[in-house]
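Visitor: Chains as they are written, first to last, in the working numbering: chain A, 13 to 500; chain B, 142 to 654.
1. Return helix, strand or coil for residue 466 of chain B, following the three-state DSSP convention.
2. Return the residues of the segment 441-458 of chain A that lie within a Cβ-Cβ distance of less than 7 Å from chain B, sorted by chain order.
3. For the segment 408-416 of chain B and the segment 370-387 of chain B, state whether three or more C-beta atom pairs, one from each stretch, are separated by less than 8 Å.
4. Answer yes or no: does any C-beta atom of chain A fall closer than 8 Å to that of residue 210 of chain B?
5. Applying the 10 Å Cβ sphere with the 16-neighbour rule, what's the burial state of residue 142 of chain A?
6. Let me check understanding here. Comparing Cα to Cα, which of B:221, B:150, B:195 and B:252 lies closest to residue 163 of chain B?
7. Considering only residues of the same chain and omitting the five flanking positions on each side of residue 391 of chain B, which have a CB-CB separation below 7 Å?
8. Given a cut-off of 8 Å, decide if residue 430 of chain A and residue 380 of chain A are closer than it, judged by their beta-carbon atoms.
9. Could you list the residues in the segment 315-327 of chain B with a C-beta less than 8 Å from some C-beta on chain A, going in chain order?
10. Quick one: is residue 383 of chain A near chain B, going by C-beta distance under 8 Å?
11. Run the CB neighbour count on residue 316 of chain A, radius 10 Å, all protein chains shown included, and call it buried at 16 or more, exposed below.
12. Which of the three DSSP states, helix, strand or coil, is assigned to residue 506 of chain B?
13. Express the C-alpha separation of residue 626 of chain B and residue 558 of chain B in angstroms, rounding to a whole number.
14. Helix, strand or coil: how does DSSP classify residue 13 of chain A here?
15. Along chain A, which residues have their Cβ under 9 Å away from the Cβ of residue 655 of chain B?
16. Could you pull out every residue in the same chain whose Cβ sits closer than 7 Å to the Cβ of residue 654 of chain B, ignoring the five residues on either side in sequence?
17. If we cut at 8 Å on Cβ distances, does residue 403 of chain A have a partner in chain B?
18. So, does the CB of residue 374 of chain B fall closer than 8 Å to a CB anywhere in chain A?
19. In terms of DSSP beta bridges, what is residue 344 of chain B paired with?
20. In chain order, what residues of the same chain have a beta carbon less than 8 Å from the beta carbon of residue 313 of chain A, not counting five sequence neighbours either side?
21. Going along the chain, which residues of its own chain have a beta-carbon closer than 8 Å to the beta-carbon of residue 472 of chain A, five neighbours each way excluded?
22. Thinking residue 292 of chain A and residue 231 of chain A are a contact (beta carbons under 8 Å), I'd like their distance in whole angstroms, please.
23. What are the residues in the segment 419-434 of chain A lying within 8 Å of chain B by C-beta distance?
24. Using CA atoms only, rank isn't needed, just tell me which of A:365, A:110, A:73 and A:76 is closest to residue 51 of chain A.
25. Anything in the segment 286-309 of chain B with a Cβ closer than 8 Å to a Cβ of chain A? List those residues in chain order, please.
26. To the nearest angstrom, how far is it from the Cα of residue 320 of chain A to the Cα of residue 76 of chain A?
27. Could you check where the alpha helix (DSSP H) with residue 23 of chain A kicks off and where it finishes?
28. Can you give me the start and stop residues for the beta strand (DSSP E) that residue 80 of chain A sits inside?
29. Taking the beta strand (DSSP E) that residue 87 of chain A falls in, what are its first and last residues?
30. Looking at chain A, is there any beta carbon in it that lies within less than 8 Å of the beta carbon of residue 499 of chain B?
31. Measure from the alpha carbon of residue 239 of chain A to the alpha carbon of each residue in A:262, A:489 and A:68, then state which is nearest.
32. To which residues of the same chain is residue 401 of chain B closer than 8 Å at the C-beta, ignoring the five residues directly before and after it?
33. Taking the continuous alpha helix (DSSP H) assigned at residue 203 of chain B, which residues delimit it?
34. Determine the extent of the alpha helix (DSSP H) in which residue 70 of chain A is found, giving its start and end residues.
35. What residues match up with residue 140 of chain A in a beta bridge as DSSP calls it?
36. Which residue's Cα is closest to the Cα of residue 526 of chain B: B:480, B:556 and B:496?
Right under this line is the structure:
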């Protein structure tokens, strides 16, 4: 396999999105000293342009699919899907951040640079074809996100969030790395296809136990990254403590990328030993849904509540993985896209509403928002209905498709319990609707300023995405289904 | 594009336009909503056409377009004689509800009328959808506006009631969703007509256990909506706390989603399971009839009384369906319409009283007949209709249901008939306490008689009560034809599937035939 270590032109084209983002991230940091205090919007412009260019490059890369850099990364439909998704998340994060950073007096180049690097890491994860690349991508993404979580370094909660995230995250990464080492020791390769071939080769049965152990270790690492039970403990604290736009980012981008590698590793390399890991993913899925939904019921802080809701939604995606069929992969992909839209929308509203120092983050503070700012509240209502899973929203169709996959795999009980869970979930989302529309406006609502341009764009774009995915899901679904066939 | 599509989508267009209107121009919003709903109603009358000239007994105004290519979900709508009247009931009551809310709704006027129109869209859709996915979409879409109608414009305990209503329905419907997906996985289609044909011809074969579970999954969702005892506890809360228009739409149309679902989907698709479960379902229905009536009798609150009377009346509908006889089916459908008209009218009249006196407690009234004789007169007619007095509409429905029950098992009739007697007790007693006696000083001054708007609301309903009670032939033929179309293949399938040793309901049915 020493064939081609000299990259070809196509290799660069396939990797152009990452190249653009890394260059832009470095550039942003370099120009910081050259710009005065009042020219800080330049960072935003540069990173936005970079993201849009990267998005274009990612879509272009899909026209020349194939493996690159000595088979270490691969551009296929599946990879492009997630690359586009995480870059899209990056764009919406930038749009939601500028107002926030201005009001916290914290606009600086490193925020944008870290964001660009983090998304780069996620793109590497999405395109990785090999365990070491997965690890590298995961680390690029995670380390940037750790720093972002503690971005307002004078804020106690930010520090707590970053520290917790970092310590627990490193621990989980160590598990992952140990799993990689183990699988290398067992199979002699880190390439996903080679691992699969090895496990399929007759006469390797005695190695199955070793491979299963490796799979278990890696499952721990991935479950942490996607905040699946029982490794979800960090999520509420980190989501609550981190700056609102960073939470917005964390709950969509890194999570989608982590699920991308989760899917790719378990559906390709570990596909031959499905029977070994399926029960664990099955029970983790159920546990994640139950813990997420029931814990969210009693929350009063909206960020914390959305954190638990995000755990619950990870549980739904785990159902799709547990189904381990092609529809399951497509369903997970579709759901992650729909989830990115609705969750970004919800956190964008939180970003807008919380005000300086994140004073107003209690659910009760939203009282009467529906009458004070009907448009913001109306869009928020769309996101909440989508999170509940009401038809004509992306959230519903995603859920529908996931549970269809589960029933295809004969997991009737998992589907029934999962759907009952979503009825439980309706309760806490409804509470926000109750507060927004059925309570009289309070002090927090009355003093609310109108939406800024960036956040407004994010909100409308997310709402549009949520509704389009709900009413015309075929657009995305066909792509997801076609590319899910590539994962094998 | 058929007339039916126009009837379905006009309210949605109305909803979007109302949203775009400026929020302070109350009068424009009201007028526009009225115009939109009246036009929808007039168009929906055109749906009677095919039934007027000949009686097809099958689906007409069919539109079948692809919506999502894979899984193959289609926009497939059509109506038969059952949906026809339920659609018209929805389109009739919406303009009436707009008029009812004309002065009553003073805050957030724009959102109120917008939600009312969105509700109409969902309700009409539910009765026309022939694709399971589409049906589920409409089913849930109708839930959201009703949730807001109760929660925003309701009385004191509105939030509790709204959330309870939403969660009850949602729990039932997710189980139905599992059933729908399971059926799709077995048959490869969401199309109701194809699935039904497949089940009846045996080309989709399900084990009895699967049939039973599917039946229960659908039945659960519908029984919560009906609501069947003991799943009825959301209903009194929701009805009492909702604004008048909400109570009317809820009682008159939304509850029918449940009974319609039983009749259209549950029973024809899984006839064997339905026959085997009929015993306990009918028992629950009869308990509901008697229990609802008894609880209604002791209510100090007028709206709650009417709400419990709904539990009782809907018990008749379920009883009628689970007799699996032509009479029972016809009576059930007719009773759905009757209940929609007469209970809707009762809620409206209670609303009139509330607008005058701002109380729902019976004890706050007495002697209303003296200052408001016309109001008392229409209340009397409505009440008598609700009791089931001959020549008024409810009598026909109840009679047919009881006749159907007699054909199957006479004891059912005896117990159910107790409900009819009890309904006379609570209604007459209510009437006596509210309208007769000496009017207190301050009540006399605050009890003007009906005004023009109120006449416009109530007179059409009174006319319908008399019309439906006397000229049954204007309504029944399409219903009977469609019911026969449902029953015939069902009987064949049932006979084919039934082992020689029969459960009670099945045996009685066989004897009756």
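Glycine residues also receive a C-beta, built at the ideal position from the N, C-alpha and C atoms.
Guide: Judging by the given coordinates:
1. If DSSP states are grouped into helix, strand and coil, residue 466 of chain B belongs with coil.
2. Result list: 442, 446, 449 and 450.
3. Below 8 Å, too few C-beta pairs join the segment 408-416 of chain B and the segment 370-387 of chain B to call them touching: fewer than three.
4. yes
5. buried
6. Out of B:221, B:150, B:195 and B:252, B:252 has the C-alpha closest to the C-alpha of residue 163 of chain B.
7. 287, 379, 380 and 383
8. no
9. Within the segment 315-327 of chain B, the residues whose Cβ lies closer than 8 Å to any Cβ of chain A are, in chain order, 315, 316, 318, 319, 322, 323, 325 and 326.
10. yes
11. buried
12. coil
13. 28 Å
14. Residue placement at residue 13 of chain A is poorly supported in this model, since its pLDDT is 47, which falls under 50; the coordinates are not used for a value here.
15. It is not possible to answer for residue 655 of chain B, since the shown part of chain B is limited to 142 through 654.
16. Note that residue 654 of chain B has pLDDT 47, beneath the 50 cutoff, so the model's placement of it is unreliable and the number below is only indicative. Take residue 654 of chain B, set aside five residues on each side of it, and no residue of its chain has a beta-carbon closer than 7 Å to its own.
17. yes
18. no
19. Partner(s): none; residue 344 of chain B has no beta bridge.
20. 252, 373, 374 and 375
21. Result list for residue 472 of chain A: 391, in chain order.
22. 6 Å
23. 419, 420, 424, 427, 428, 431, 432 and 434
24. A:110
25. 288, 289, 292, 293, 299, 300, 303, 304, 307 and 308
26. Take the alpha-carbon of residue 320 of chain A and the one of residue 76 of chain A: they are about 40 Å apart.
27. 21-26
28. 78-80
29. 85-87
30. no
31. A:262
32. A distance below 8 Å between beta-carbons, with the five flanking residues on each side excluded, links residue 401 of chain B to the following residues of its chain, in chain order: 223, 224, 227, 267, 268 and 477.
33. First-last for residue 203 of chain B: 201-209, but that is the beta strand (DSSP E), not the alpha helix (DSSP H).
34. 53-73
35. According to DSSP, which records beta bridges pairwise, residue 140 of chain A is partnered with A:85.
36. Checked all of B:480, B:556 and B:496; the closest Cα to residue 526 of chain B is B:480.
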